[in-house]
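Numbering (the working numbering) for the sequence shown: 694 to 1057. Every residue gets a Cβ at the ideal spot worked out from N, C-alpha and C, and that includes glycine. All values derive from a computational prediction rather than experimental measurement. Reading through the structure tokens given below for one structure.
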Amino acid sequence: AARSLPESARPPQPRQLRATMTRTRSCKKMCYCLLFPADTITQRSADVTPSCQRVPTDGAKMRIRKSLSCVWPPDVRANNGEEARLKSPPQVARNDTLSPPMSNLKFGNKKLPNAIIVGVKKGGTRAVLEFIRIHPDVRAAGTETHFFDRNYDRGLEWYRALMPRTLESQITMEKTPSYFVTKETPHRISAMSRDTKLIVVVRDPVTRAISDYTQTLSKTPDLPSFQELAFRNQSLGVVDMSWNAIRIGLYVLHLENWLRYFPLAQIHFVSGERLITDPAGELARVQDFLGLKRIVTDKHFYFNRTKGFPCLKKPESSGSPCLGKSKGRTHAQIDRDAIEQLRDFYRPYNVRFYEMVGHDFKWE
């Protein structure tokens, strides 16, 4: 007969096994509840505070997602007054609430320009842009976009992409001097925003024409003489108004086109001459026009005798502190009689321009 096993060595009976497993589960549940209070694990249907949730991690394991409700026990919530403000945990948004991208919070957004330097070529537009962009509330596109005169078919989103990122408190700017003399540009800018502020840097049209010619001559050495281009018949004083260097200086004719779409109060004129002799004064007026605090002052400038032009004391702007080599170059020598003939030609246009803008630039 088989020998009977001692009682301690016998396998547990089913009833005993079930009792043992029940006791084990109860012990685990009690220990778990001691570690994690029930209110932090479960969530009432009316409670909008995020609960501790198990989420999958690497290796298909489960872990507890800690929210503020996991860290702050519910008994710290006060009912009223200052005590409630001090004891209550910060409110946490629901999981379905989208947060703004960190790039937007840190770097801002690309916006269409609030202000545009629309002209004029060889008037001092680059200097104005470089001087104003050292203001902390101004961000500007680094290159001329030519959107409204050459690239309009690319669309506003293409244009927006060329702009720098700016915060809500900052002004976005760009400059393209050819806008002022392009017939379609005023209407196109107005279609973008009728609130756009416009800056025009003007200069004695005779000096401006000579500067324009000097720049072209530096790129095209075999260019005809200034007199050949400026006059149809110099002996009779007949000026060739089709030559671009002459046409740009007819400011009053171009301005009439702009005033069809923008009020005069929305256009600020910078004197190219005063920009050289008193850059801080001109920049003060630009800052006022843009609604900016006067931060760019005379402490930012010094006069470069070699260039005959004001320069920034520190390279705070994105460009060179004294602009480029093409700025302040020596003008080509032009016959004195030709200059006087051009002054006679521009005089009536200048007078009408002074009357239209309400300011005498004294180009005589």
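According to DSSP, residues forming a beta bridge with residue i
| i | result |
| --- | --- |
| PRO1003 | PHE996 |
| ALA833 | MET866 |
| LEU943 | Bridge partners of LEU943: none, in fact. |
| GLY812 | VAL893 |
| HIS961 | ILE892 |
| ASN802 | THR859 |
| VAL932 | PHE924 |
Beta-carbon contacts of residue i that lie in its chain and below 7 Å, excluding the five residues immediately before and after
| i | result |
| --- | --- |
| ASP830 | SER862, GLN863, ILE864 and LEU985 |
| ALA731 | Caution is warranted here: a pLDDT of 45 is assigned to ALA731, below 50, making its placement in the model unreliable, and the coordinate value is therefore given only provisionally. The answer is none, since no qualifying residue turns up. |
| TYR1039 | PRO898, VAL899 and GLY942 |
Member of the options whose CA lies at the smallest distance from the CA of residue i
| i | options | result |
| --- | --- | --- |
| ASP933 | ILE941, THR999, PHE873 and LEU922 | LEU922 |
| ILE809 | VAL1050, PHE1038, THR970 and GLU837 | GLU837 |
| ASP1028 | ALA958, ARG1040 and PHE924 | PHE924 |
| THR859 | PRO806, GLU975 and VAL963 | PRO806 |
| PHE800 | GLN980, ARG832, PHE1054 and THR907 | ARG832 |
| GLU823 | LYS814, GLY812, LYS815 and GLY835 | GLY835 |
| ASP846 | THR869, ARG881 and GLU867 | ARG881 |
| ARG901 | LYS815, TRP851, LEU929 and PRO1041 | LYS815 |
| SER918 | LYS803, ALA1025 and ASP991 | ALA1025 |
| LYS649 | SER928, SER871 and CYS1015 | Not covered by the structure: residue 649. The range shown for the chain is 694 to 1057. |
| ILE827 | ARG987, LEU1035 and SER964 | ARG987 |
| ASN950 | THR913, ILE903 and PHE1046 | PHE1046 |
| THR907 | ASP1037, THR1023, GLU966 and VAL963 | THR1023 |
| ASP1030 | GLN920, GLY965 and PHE1054 | GLN920 |
| SER964 | THR913, ILE903 and LYS1055 | LYS1055 |
| VAL811 | PRO857, THR869 and PHE962 | THR869 |
Own chain, CB closer than 8 Å to residue i, minus 5 neighbours either side, in chain order
| i | result |
| --- | --- |
| LEU968 | GLY817, ALA820, VAL821, VAL894, GLU975 and PRO1003 |
| ARG940 | VAL874 and MET934 |
| VAL931 | PHE924 and ARG925 |
| LEU876 | It is worth fixing the name first, because residue 876 is Lys in this sequence and not Leu. Contacts found: ASN950. |
Residue i versus residue j: straight-line alpha-carbon distance, rounded
| i | j | result |
| --- | --- | --- |
| PRO972 | ASP991 | 7 Å |
| HIS1052 | LEU855 | 35 Å |
| ALA958 | GLU1033 | 33 Å |
| THR970 | VAL989 | 16 Å |
| HIS993 | LEU1005 | 6 Å |
| LEU849 | LYS804 | 10 Å |
| THR1077 | TYR852 | Here the chain has residues from 694 to 1057 only, and residue 1077 is not among them. |
| SER744 | ASN802 | Residue placement at SER744 is flagged as unreliable, the pLDDT there being 41, under the threshold of 50; the coordinate-derived value follows with that caveat. The alpha-carbon atoms of SER744 and ASN802 are separated by roughly 35 Å. |
| GLU1057 | MET1049 | 17 Å |
| SER928 | ALA938 | 20 Å |
| LEU1035 | PHE955 | 30 Å |
| ILE960 | LEU891 | 5 Å |
| LEU983 | ASP915 | 43 Å |
| GLU867 | LEU952 | 21 Å |
| SER871 | GLN980 | 23 Å |
| SER904 | THR889 | 29 Å |
| SER995 | LYS912 | In the sequence as displayed, the identity of residue 995 is Tyr instead of Ser. Going by the C-alpha atoms only, they are around 30 Å apart. |
Residues near residue i by beta carbon distance below 6 Å, same chain, minus five either side
| i | result |
| --- | --- |
| TYR1042 | LEU943 and VAL945 |
Answer yes if the stretch 881 to 892 comes into contact with the stretch 833 to 852, meaning at least three C-beta pairs across the two stretches below 8 Å, and no otherwise.
yes
Flag this pair as touching only if the stretch 938 to 956 and the stretch 896 to 910 have three or more C-beta atom pairs under 8 Å; answer yes or no.
yes
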